[in-house]
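Step one of this worksheet: look at the structure below.
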């Protein structure tokens with residue numbers, strides 16, 4: 004019958020301690036890198052979305068301006084065509100711009 008057990012030395016070997024510290028350090032590095040990446044993502048994605056929206060608005064404005072200019076050019080051309088059809092001889096001698 005065993006009445007008592009007493010451990011004399013319970014420290015692990017040096018290699019085990021070193022390996023344990025390496026694992027703990029690697030876990031800390033992993034968590035730090037994940038936090039950095041999430042911070043970067045949280046910074047960059049909203050900025051990119053804002054820039055994209057700005058570019059879309061700018062492109063839409065450019066589109067509207069081009070359409071308005073084209074419609075104006077068509078109206079000007081049609082007005083000149085109408086006058087040309089009324090008096091072909093006169094309008095051929097003048098430069099309609």
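In this note's numbering, the protein residues as written are 4 to 100.
Built from N, CA and C at the ideal position, the CB exists for glycine as well.
Per DSSP, residue 16 lies in no alpha helix (DSSP H) and is assigned neither H nor E.
Take the alpha-carbon of residue 44 and the one of residue 61: they are about 25 Å apart. Taken through DSSP and simplified to helix, strand or coil, residue 5 comes out as coil.
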